[in-house]
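Only one structure is covered here, and it is reproduced in the block below.
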Amino acid sequence: MTEESQGFPQEPADVPVNAATADADDAAQGAGPAEQAGPGAPAGEAEQGADRDLNKELESLRGQLAERTADLQRLQAEYQNYRRRVERDRIAVKEIAIANLLGELLPVLDDIGRAREHGELVGGFKSVGESVETVAAKLGLQQFGKEGEPFDPLVHEALMHSYSPDVSETTCVQILQPGYRIGERTIRPARVAVAEPQPGAPGKDAAAESDEESGGPEQG
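Its first residue numbered 1171, the sequence shown is counted upward by one per residue in our numbering.
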């Protein structure tokens, strides 16, 4: 019987249930913190990294937007300045063209003025002369220069000179040719005869200063 029993394999002994549970607990205790935490911890770190990348990208976009806005504002300001320069140049060219045209017309206006002074502006010539003066006025031509006004070398051209006891400063006593201007642009200065105070004779200003120094004019 002994020989026959050696020919059959022997079944392994049963393992107690308590022993298997103990082995599982030992394996769990031996695992590291990362293994115990599971896949949740790496996912949280990935979300934080994605948020940081998104914030950086937003900051970069904000910076680019600010730069583009500044460029647009600068271009708009340059365009507005360009439009103003073009408008100023257009007005200046127009004024120069009108001034050149009216400058050629001044001798005709002088002839009309002399004819009026001599009573020769009559009939059809009167109508033509007045029409020319009207057109010149519509184009902005203004006449200046009057007898008795102070002499101003910026707008007057003295062709004759004399002395007079009746003036206290250099004065236009005769208008030989009227002056003309368009706006602030003088086309031709007024050509005048001027008179200065008589040498040695106190003018009105000097007399007034003398009265002030003496305490005023004497009262009778």
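For every residue, glycine included, the Cβ atom is placed at its ideal position computed from N, Cα and C.
Keep in mind it's a predicted model, so treat the numbers as computed, not measured.
| query | result |
| --- | --- |
| Could you work out which residue in 1286, 1319, 1226 is closest to residue 1337 when comparing CA atoms only? | 1319 |
| From the DSSP secondary-structure annotation, give me the bridge partner or partners of residue 1366. | 1333 |
| My guess is that residue 1314 and residue 1341 are in contact by the Cβ rule of under 8 angstroms, so how many angstroms apart are they, rounded? | The Cβ separation is near 16 angstroms, so there is no contact. |
| Given a threshold of 16 other Cβ atoms within 10 Å of its Cβ, counted over all protein chains shown, does residue 1345 qualify as buried or as exposed? | buried |
| If you check the beta carbons only, do residue 1282 and residue 1293 fall under 7 angstroms apart? | no |
| Enumerated in chain order, which unbroken segments of the beta strand (DSSP E) with a length of 3 residues or greater are wholly contained in the segment 1224 to 1271? | none |
| Report the partner residues of residue 1357 according to the DSSP bridge assignment. | DSSP output for residue 1357 lists no bridge partner at all. |
| State the DSSP-derived secondary structure class of residue 1295, mapped to helix, strand or coil. | helix |
| Which whole-angstrom value describes the C-beta separation of residue 1358 and residue 1275, a residue pair presumed to lie in contact below a C-beta threshold of 8 angstroms? | That pair is no contact at about 11 angstroms. |
| With burial defined as no fewer than 16 other Cβ atoms inside 10 Å of the residue's Cβ, what is the status of residue 1306: buried or exposed? | buried |
| Go ahead and pull the three-state DSSP assignment for residue 1319. | coil |
| Taking all protein chains shown into account, decide if residue 1365 is buried (16 or more other Cβ within 10 angstroms of its Cβ) or exposed. | buried |
| Along the beta strand (DSSP E) that carries residue 1311, what are the first and last residues, could you check? | 1311 to 1314 |
| Give me the DSSP bridge partner(s) of residue 1218. | Residue 1218 is not bridged to any residue. |
| Grab me the residues of residue 1273's own chain with a C-beta within less than 8 angstroms of its C-beta, minus the 5 sequence neighbours each way, in chain order. | 1357, 1358 |
| Could you tell me which residues DSSP pairs with residue 1327 in its beta bridges? | 1361 |
| Pull up the CB-CB distance for residue 1353 and residue 1360, whole angstroms please, since I reckon it's below 8 angstroms. | Actually they do not touch by this definition, with Cβ atoms about 17 angstroms apart. |
| Taking just the CA atoms, how far does residue 1228 sit from residue 1237? | 14 angstroms |
| So, under 8 angstroms CB-CB, residue 1334 and residue 1368 are touching, yes? Tell me the CB distance rounded to an integer number of Å. | 7 angstroms |
| Give me the Cβ distance between residue 1362 and residue 1326, rounded to the nearest whole Å; I'm assuming they're in contact under 8 angstroms. | 5 angstroms |
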